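In what follows, a structure is listed as structure tokens, so that the remarks can point back to it.
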């Protein structure tokens, strides 16, 4: 069965083409879904891609959570459907309350585009089920507000429930506990700052992102 | 701007033109008389304002046009040459590539963040105006030395502006240059190049046609920002800081989110065939866009100022017509297609208003306050461009040129430790480009920091899948051009072509951004004229058509002109991009072969300047026929996979070339046979260092022999030291620290 993935397009998203391209390269069927739509009928998984959803002059994702599609995404997630937020998508998921915590400005107060190593901390998530625990993946990051933070109780919960999915090997942005990506308690909603779709071809320097996207397609097939 | 509001605003736009008004607007007495001759009557204030912006140096190229004609512009790949919004090349596989370079020097000097940001925004619009999706930006940047607080402010502001706008608008910034030199202290050079791709059959030109068709203004509201930007800012030099701060309102304010939606909406309109013509609003705003589309299409246009959505009440017609508010496009639409156009714009939340119509009225641009309302201006549209003055300004070789050439660096004392001098020249630019998204669209095969950016020829909306690749490089060297603008410019063209060859590409087109001083100084005109001749010579010899360019004059501050700084961007095509081309790197055990011969001439070298503050001497010779052979050889070596690493020899000579290869790969080397600091740091052109492993090194030498290119074995890669026998011996760790910390350390005083 081919998994069908809806890639949500906010007017200021810019990584939607890249997400579609990388997923289709793996045999998935990916389609762009306009943020004004309220239907995710026929989709097995949802990706909120990177970019600047509504310009993000306020706080990244603060307006996107009010886009019509987001209530449908929330229902989709509550029903157990895999939902992945990459970079700006992660920021949107935290603003929408689908994931805890928040993303603040990088330590160093600079936009940061580079390629970093992240470690797979758990294989129990929609974005890591095909990976190996402890594996180190080389994945690009590209953000200004990627410094993950949350209160101590949430952090304790994330650790106890093994919901920290990826950690930076060398923390680039000041994230608490080196967190690069987390999931919800049901493990079907995953948000991360690194861009797996940017590590999808040897010409781009790494194919490590494919392991993550393959996990998503596997999770989508159920 | 202050001047504009005070003079035009206070006087109103009707009534007689005062004696002094045209001068306040930057027009000479002769130019004012010419306008009167064209109109057959005295112009009113609005008309005068429109001519003032369109006849500004920035819009009319009145000082440079005469000389630019000497550049070769034709070639087998050229679809569109200079004169349109961007040059266009046929890349094969049904894909066309649009390329343009611009400057935003003066706005960036006054307001670094917004100046640089709107520079990016402006050039993106030039590209998607042609129907192409912008997929890459490059930024050649030049600043004063960072030991000066103002230079640090400009540098950090410019980089943040490019980052803030470019990342958000969703176009990757894949390379550029960063140069620090005293001559740019108050007048930074912020050049920006953009590349776009499109299906070949979608190429659009900014023309209006079809009487009765509607002029639809898309995007942002029109405000009082950037009024007179082209004449107040871009076409005059700088004085003291207080007066310059006054010019800040002439700088526009950018909104990348608006631009992002505008790009998507316009590309969708073009895809659906809903527009007849489209034109961006840049310098000179609505006046330029309406008159250019009308005159290119040989039609007239009526414009209704009250139909233009305005950001604030009480705007005068001259403000509406000359505002440079960003993120606006003018589309020419048939009345039948209007509803569909409005629907697409609504979906993307892009404002769209009918502000005029195409007329047959003898090619006249008429401005009304509203349809059937008062006529506020009535001029021949073409006269705003075609009748712009053309100056053959006086040219004089500078009196100081001989003295400069005679000041040979040969007598400068040799370094006590050439290793120390080498470290002082190493600058890792990653502090700059790590702030730019350089990976979007999954095209960036070679990221910033290498000789050339390498991109897959692929983008949303392109048909099929091409295996071709693109290589792009921007280069300029004012130290060379100050000594000999002709040869210095030719050397910059040669270097840029060599950079793309190092990525395995065939150079096919060139764009230029000519940054010079005040054209009213005969010495500056000599520099410009010589530079253009040098560019023409190099382009002819290397088969490189010039497909577009930009001239930025009046780059001066406190009465001193900048050194002549022609910057070129060269586009190369890679026939099959199937594996990553070699980069600026070494591999342990690889042999280091230098192609080309060193002339130990230190004139114009970075070493002479850095180590001794010395700028004189003569440039090493450039043999363009030899260079053409070298380009072919290098491309073949790369295509055939013989090079494991490669780097052209340029600023800082073979010493810096070897060090950069070592630093980027964190592999040391030992070289020998380099005779003294002059051979180590000379910047003689047409040289490349190749790192080749095993038999490949022999093959490189053999092929070089066949091509008539001298090849010498410099040494071997490996270990953790940078060693040039008898000259340099430093640890990789020390060199890395010097290289990485160069910019952060220089910025530290501001913390």
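Protein chains in written order, with the numbering used here: chain A, -15 to 206; chain B, 64 to 814.
Beta carbons: idealized from backbone N, C-alpha and C, even for Gly.
Computed from a predicted model, the values in this text were never measured in an experiment.
Is the CB-CB distance between residue i and residue j below 8 Å?
{"i": "residue 338 of chain B", "j": "residue 332 of chain B", "result": "yes"}
{"i": "residue 134 of chain B", "j": "residue 200 of chain B", "result": "no"}
{"i": "residue 750 of chain B", "j": "residue 712 of chain B", "result": "yes"}
{"i": "residue 221 of chain B", "j": "residue 278 of chain B", "result": "no"}
{"i": "residue 447 of chain B", "j": "residue 354 of chain B", "result": "yes"}
{"i": "residue 166 of chain A", "j": "residue 111 of chain A", "result": "no"}
{"i": "residue 168 of chain B", "j": "residue 253 of chain B", "result": "yes"}
{"i": "residue 642 of chain B", "j": "residue 593 of chain B", "result": "no"}
{"i": "residue 164 of chain B", "j": "residue 259 of chain B", "result": "no"}
{"i": "residue 416 of chain B", "j": "residue 371 of chain B", "result": "yes"}
Is there at least one Cβ from chain B nearer than 8 Å to residue i's Cβ?
{"i": "residue 180 of chain A", "result": "no"}
{"i": "residue 96 of chain A", "result": "yes"}
{"i": "residue 192 of chain A", "result": "no"}
{"i": "residue 159 of chain A", "result": "no"}
{"i": "residue 1 of chain A", "result": "yes"}
{"i": "residue 130 of chain A", "result": "no"}
{"i": "residue 55 of chain A", "result": "no"}
{"i": "residue 5 of chain A", "result": "yes"}
{"i": "residue 51 of chain A", "result": "no"}
{"i": "residue 32 of chain A", "result": "no"}
{"i": "residue 124 of chain A", "result": "yes"}
According to DSSP, simplified to helix, strand and coil, what is residue i?
{"i": "residue 248 of chain A", "result": "As shown, chain A starts at -15 and ends at 206. That puts residue 248 of chain A outside it, with no answer to give."}
{"i": "residue 641 of chain B", "result": "coil"}
{"i": "residue 261 of chain B", "result": "strand"}
{"i": "residue 384 of chain B", "result": "helix"}
{"i": "residue 475 of chain B", "result": "coil"}
{"i": "residue 91 of chain A", "result": "coil"}
{"i": "residue 411 of chain B", "result": "coil"}
{"i": "residue 375 of chain B", "result": "coil"}
{"i": "residue 176 of chain B", "result": "helix"}
{"i": "residue 103 of chain A", "result": "strand"}
{"i": "residue 305 of chain B", "result": "Residue placement at residue 305 of chain B cannot be trusted, given a pLDDT of 48 that sits under 50; the coordinates are not used to answer."}
{"i": "residue 243 of chain B", "result": "strand"}
{"i": "residue 67 of chain B", "result": "Note that residue 67 of chain B has pLDDT 38, beneath the 50 cutoff, so the model's placement of it is unreliable and no number is given."}
{"i": "residue 36 of chain A", "result": "coil"}
{"i": "residue 131 of chain A", "result": "strand"}
{"i": "residue 779 of chain B", "result": "strand"}
{"i": "residue 433 of chain B", "result": "coil"}
{"i": "residue 690 of chain B", "result": "helix"}
{"i": "residue 214 of chain B", "result": "helix"}
{"i": "residue 496 of chain B", "result": "helix"}
{"i": "residue 698 of chain B", "result": "helix"}
{"i": "residue 72 of chain A", "result": "helix"}
Check whether chain A comes within 8 Å of residue i, counting only Cβ atoms and requiring the distance to be less than that.
{"i": "residue 412 of chain B", "result": "yes"}
{"i": "residue 799 of chain B", "result": "no"}
{"i": "residue 135 of chain B", "result": "no"}
{"i": "residue 807 of chain B", "result": "no"}
{"i": "residue 756 of chain B", "result": "no"}
{"i": "residue 651 of chain B", "result": "no"}
{"i": "residue 320 of chain B", "result": "yes"}
{"i": "residue 501 of chain B", "result": "yes"}
{"i": "residue 498 of chain B", "result": "yes"}
{"i": "residue 523 of chain B", "result": "yes"}
{"i": "residue 508 of chain B", "result": "yes"}
{"i": "residue 224 of chain B", "result": "no"}
Since I believe residue j is in contact with residue i (beta carbons under 8 Å), could you give me their beta-carbon distance rounded to a whole number of angstroms?
{"i": "residue 176 of chain A", "j": "residue 150 of chain A", "result": "6 Å"}
{"i": "residue 578 of chain B", "j": "residue 540 of chain B", "result": "Not a contact, Cβ separation roughly 12 Å."}
{"i": "residue 103 of chain A", "j": "residue 118 of chain A", "result": "7 Å"}
{"i": "residue 341 of chain B", "j": "residue 192 of chain B", "result": "6 Å"}
{"i": "residue 778 of chain B", "j": "residue 735 of chain B", "result": "6 Å"}
{"i": "residue -13 of chain A", "j": "residue 204 of chain A", "result": "4 Å"}
In chain D, which residues lie with their C-beta within 7 Å of the C-beta of residue i?
{"i": "residue 230 of chain B", "result": "Looking for chain D here will not work: the only protein chains present are A and B."}
In chain order, which beta strand (DSSP E) runs of at least 3 residues are fully inside the stretch 562 to 605 of chain B? Runs found: 569 to 578.
Restricting to runs no shorter than 3 residues, where is the beta strand (DSSP E) found entirely within the stretch 714 to 785 of chain B? The stretch 714 to 785 of chain B contains these whole beta strand (DSSP E) runs: 732 to 734, 751 to 755 and 774 to 780.
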